[in-house]
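112 is the number of the first residue of the sequence shown in the numbering used here; add one for each residue after it. Just so it is clear, CB atoms sit at the ideal spot from N, CA and C, and this is done for glycine as well.
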Amino acid sequence: MIEIELGLEDVARTRFAISPLWEVVASVRVLKGADEHGLHRTWAEQVRPRLATAGLDLRPLFDLVPVPTRSPWAGRVPGFLCPPPTTPLPSLDVELATVRATPSALLHTTAEVPPARMAALRADPAAELGRLADVLEAYWELALAPYWSRILTLLEGDIRYRAGRLVEGGAQHLFADLDAQVTWAAGTLHLEHRTVRGARRLDGRGLLLVPSAFVWPRVFSVLNEPWQPSLRYPPRAVGTLWHTQPATVSEALAGVLGRSRATLLTELTAPASTTDLARRTGLTPGGVSQHLTALRTAGLASAHRAGREVLYARTRAGEIVVEAAGSGSPPSTTRA
112 MIEIELGLED VARTRFAISP LWEVVASVRV LKGADEHGLH RTWAEQVRPR LATAGLDLRP
172 LFDLVPVPTR SPWAGRVPGF LCPPPTTPLP SLDVELATVR ATPSALLHTT AEVPPARMAA
232 LRADPAAELG RLADVLEAYW ELALAPYWSR ILTLLEGDIR YRAGRLVEGG AQHLFADLDA
292 QVTWAAGTLH LEHRTVRGAR RLDGRGLLLV PSAFVWPRVF SVLNEPWQPS LRYPPRAVGT
352 LWHTQPATVS EALAGVLGRS RATLLTELTA PASTTDLARR TGLTPGGVSQ HLTALRTAGL
412 ASAHRAGREV LYARTRAGEI VVEAAGSGSP PSTTRA
């Protein structure tokens with residue numbers, strides 16, 4: 112059990128953030144086997160063949176992401192690989208710039224990382240960190256970018272809920288249902304941990320709360336200098352992340368966009384190619400391409416290259432439009 116002591120200044124400085132870089136790292140854990148409950152099976156079954164087809168050398172990244180074994184140190188992730196974000200929603204580019212600029216003094220870890228990988232990083236930090244950042248970016252484009260609007264919707268929804276809890280009942284109310292592994296009592300946050308014990312003081316630095324789609328059922332903590340003390344926890348309703356309803360085109364949406372474009376936007380519950388969308392909708396490939404171009408121009412869809420294939424996905428705006436048309440009323444878009 113870890114006991115995190117929060118003083119008044121720590122409570123005042125507690126904040127939320129979303130980290131695209133952490134989602135990359137946590138999703139790699141899933142692909143390496145840390146998903147025994149199959150929560151992300153749908154995503155993994157789509158992504159694995161895509162990564163294999165691309166033929167990327169992912170070892171600079173995968174070597175640094177252990178998965179749980181019998182070792183007490185296994186499952187830990189090197190801090191320098193995914194430092195906590197300094198802003199509420201940094202872009203991946205910003206976080207990768209931080210990785211590239213990592214001081215050589217921070218290139219150490221107690222995680223089960225191949226010694227040769229760590230030796231290479233320490234021998235030529237600039238070159239190896241640059242290579243690592245490039246691999247992180249390439250992996251993101253294939254494995255996460257096409258799904259990001261869906262993931263972001265889930266994470267932002269959790270932050271809005273948590274902010275409401277804080278307003279309603281203060282810190283105690285905020286932490287009461289954060290996760291079963293986290294409890295709050297008398298200014299101390301108790302975090303269940305398999306191997307680490309003892310008290311940790313934040314000394315006025317505050318606590319960063321980072322909802323993460325790929326960490327369930329674990330909570331990951333960052334409590335060591337020089338990084339911001341952080342908890343990466345599963346958001347509410349994470350079990351519904353990959354659930355999709357049968358695509359039913361809203362008449363209201365068809366009235367605004369036209370039936371073909373409304374059909375395509377509705378079908379994009381998961382990233383899809385032009386060929387796949389043509390097969391599913393009965394539209395010609397040329398017609399699908401033309402309509403997707405219009406949806407992209409309007410900011411409702413995005414395109415992501417995956418090897419020789421281009422995958423289309425709904426953007427955050429596209430998600431909001433489909434949700435609003437399906438419910439008959441505009442969803443709340445207030446950010447916490």
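- Burial is judged here by how many other beta carbons sit within 10 angstroms of a residue's own beta carbon; Q339 has at least 16 and is buried.
- Excluding sequence positions up to five before and after L175, its CB lies within less than 7 Å of the CB of P189, L192, V224 and R228, all in the same chain and listed in chain order.
- The continuous beta strand (DSSP E) containing I113 extends over residues I113 to E116.
- The distance from the Cβ of E116 to that of G315 is about 11 Å, inconsistent with a contact at the 8 Å cut-off.
- In the structure shown, S323 falls within a coil segment according to DSSP collapsed to helix, strand and coil.
- Here P396 is exposed. Its C-beta has fewer than 16 other C-beta atoms within 10 Å.
- Secondary structure remark: continuous alpha helix (DSSP H) runs of at least 4 residues inside the segment 234–279, in chain order: 236–254.
- Contact check for V421 and A412: beta-carbon distance about 11 Å, past the 8 Å limit, so the pair fails to qualify.
- Look at E378 here: in three-state DSSP terms it is helix.
- If you ignore the 5 residues before and after T374, its C-beta comes within less than 6 Å of the C-beta of V360 and T392, all in its own chain and listed in chain order.
- The beta carbons of R273 and F127 sit about 7 Å from each other, so the pair counts as a contact at 8 Å.
- Distance from the CA of D290 to the CA of E279, rounded to the nearest whole angstrom, comes to 18 Å.
- Here DSSP, grouped into helix, strand and coil, assigns W295 to strand.
- When C-alpha distances from P346 are compared across I270, F286, G298 and A417, the shortest belongs to I270.
- CA-CA distance, L379 to T299, rounds to 44 Å.
- Just measuring C-alpha positions, the residue of E248, T264, T426 and P337 sitting nearest V139 is E248.
- In this structure G350 is exposed. Its beta-carbon is surrounded by fewer than 16 other beta-carbon atoms within 10 angstroms.
- If the five residues before and after E134 are omitted, its C-beta is found closer than 8 Å to the C-beta atoms of L255, I262, S323, A324 and F325, all from its own chain and listed in chain order.
- The closest CA to that of R124, considering only A163, S341 and H402, is found on S341.
- Counting only residues of its own chain and dropping the five nearest sequence neighbours on each side, A282 has a CB closer than 6 Å to the CB of V122.
- In this chain, F173 is not harboured by any beta strand (DSSP E); it is covered by the alpha helix (DSSP H) spanning R170 to F173.
- Distance between A145 and V178, taken at the CA atoms: about 6 Å.
- Leaving aside the five residues that flank G437 on each side, the residues in its chain whose CB is nearer than 7 Å to its CB run, in chain order, S361.
- Judged by DSSP secondary structure, H402 falls within the alpha helix (DSSP H) whose first and last residues are P396 to T408.
- About 6 Å separates the Cβ atoms of Y250 and L172, confirming a contact at the 8 Å cut-off.
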